[in-house]
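What follows is a short report on a single structure.
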Amino acid sequence: MYKVVLVFLFCQTYGFILPDGTPHVNDPSMRIVGGISAPEGRVPYQASLRSMFNSHFCGGTILNERWILTAAHCTIGQSRYLMQVVVGTNSLILGGDKYAVEEIIIHESYNGNVIVNDVSLIRVTRDIQFSERVQPIALPSEDTGAEKELMLSGWGRTSYPGTLPLQLQMINLTSLSVERCQNIYSNIHQVFESQICSLTKSGEGACHGDSGGPLVEGNTVVGIVSWGMPCARGYPDVYSRVYSFKNWIEEQISSFVPY
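Just so you know, we're using the working numbering here: the sequence shown kicks off at 17 and counts up by one.
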């Protein structure tokens, strides 16, 4: 039986954290502790989800000319009229191309109480213009096993405690098996087969790097930042496993009928 665990929202990212005994209410912790600034053009598939006032609240992944992959907890309750997608820049305040949102699709089985099926798609109103700094990334052709080398990117803290950087951060991580991940989270929170876990040495990790942002293996996006423990304390970070939702993603895109 799992302990009752309260889940709090980041005030800036809408991301989930699980408390370590002290309530982290209004904790603005979007962090990639131990990460480095990404070189320009290194992460061309990265998207920033922003309010109409240009305030970043979640990350996303460019799948093709019209579609962005992100987490359901980033888009639930959002109005397509009040958000925009920014691509082509590592900066949260300068540059980039902005796109209005045509449609938001949230996985029909998303459950924010146990944090499962945390997947969403965003369709922009016009074709994204590709360049050296703006490119789509492929969905995985096979599942991701344990001990795989992964890369996470997002606008997160480079140290804890610390201030939010203005430049995109990136960090290399290693995947864990679901079994090992669940053992670590034993009696704390359930980990599902449709999720991926990553871990690195204590003191480094995404501790919700950037909710909704991409976890990448090679040239494919394999995870979507979903939830974790505060911050970089040896607990795995947990992502929605893109391979588990590949059919759903492809079906939503192929069957979409524009207004």
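Beta carbons are placed, not taken as given, at the ideal position from N, Cα and C, and that holds for glycine.
Quick caveat, the model's predicted, so the values are computed rather than measured.
*Three-state class that DSSP yields for residue 144 in the structure shown*: Residue 144 carries a coil assignment under DSSP once its states are collapsed to helix, strand and coil.
*residue 269 versus residue 103: straight-line alpha-carbon distance, rounded*: 20 Å
*Classify residue 229 as buried or exposed, calling it buried when 16 or more other Cβ atoms lie within 10 Å of its own Cβ.*
Its Cβ being crowded by 16 or more others within 10 Å, residue 229 is buried.
_Separation of residue 205 from residue 149, as counted between CA atoms_ = 38 Å
*How would you write the range of the alpha helix (DSSP H) that residue 164 sits in, first residue to last?*
Premise fails: residue 164 is in no alpha helix (DSSP H) and is neither H nor E.
*Just the Cα atoms here: how many angstroms apart are residue 59 and residue 188?*
13 Å
_Whole-angstrom distance between residue 238 and residue 139, CA atom to CA atom_ = Between the alpha carbons of residue 139 and residue 238 lies a gap of roughly 20 Å.
_Of the listed residues 161, 82, 119 and 195, nearest to residue 232 (C-alpha basis)_ = 161
*Who are the Cβ neighbours of residue 122 in its own chain at under 7 Å, not counting the five residues just before and after it?*
88, 91, 92 and 136
*asked:* Under DSSP, the alpha helix (DSSP H) around residue 263 begins and ends at which residues?
replied: 262-271
_Residue span of the beta strand (DSSP E) that contains residue 158, given as start and end_ = Unbroken run through residue 158: none, as it is neither H nor E.
*What are the start and end residues of each continuous beta strand (DSSP E) run of 3 or more residues lying completely inside the stretch 68-148, in chain order?*
72-78, 83-86, 99-103, 113-122 and 136-140
*Can you name, in chain order, every residue of its own chain whose Cβ lies under 7 Å from the Cβ of residue 81, other than the five neighbours on each side?*
Hits under 7 Å: 143 and 144.
*Mapping DSSP to helix, strand and coil, what is residue 206?*
coil
_Which residues does DSSP list as the beta-bridge partners of residue 153?_
Looking at the DSSP assignment, residue 153 forms no beta bridge with any residue, so it has no partner.
*Buried or exposed: residue 117, going by 16 or more other Cβ atoms within 10 Å of its Cβ?*
buried
*Where do the N-terminal and C-terminal ends of the alpha helix (DSSP H) with residue 211 fall, by residue?*
Element bounds for residue 211: not the alpha helix (DSSP H) but the beta strand (DSSP E), 211-215.
*asked:* According to DSSP, is residue 54 part of a helix, a strand, or is it coil?
replied: coil
_Could you check whether residue 172 and residue 185 sit closer than 8 Å to each other, using their CB atoms as the reference points?_
yes
*Can you give me the Cβ contacts of residue 258 inside the same chain, cut-off strictly under 7 Å, excluding the 5 residues immediately before and after it?*
155, 156, 237, 238, 239 and 240
*Pull up the CB-CB distance for residue 256 and residue 210, whole angstroms please, since I reckon it's below 8 Å.*
7 Å
*To which residues of the same chain is residue 216 closer than 6 Å at the C-beta, ignoring the five residues directly before and after it?*
In the same chain as residue 216, and ignoring 5 residues on each side of it, the C-beta atoms closer than 6 Å to its own belong to 189, in chain order.
_Quick check on DSSP: helix, strand or coil for residue 59?_
When DSSP states are grouped into helix, strand and coil, residue 59 belongs to the coil group.
_According to DSSP, is residue 259 part of a helix, a strand, or is it coil?_
Residue 259 sits in a helix when the DSSP states are folded into three classes.
*Which term fits residue 5, buried or exposed, when burial requires 16 or more other beta carbons within 10 angstroms of its beta carbon?*
Residue 5 is absent from the structure shown; the chain starts at 17 and stops at 275.
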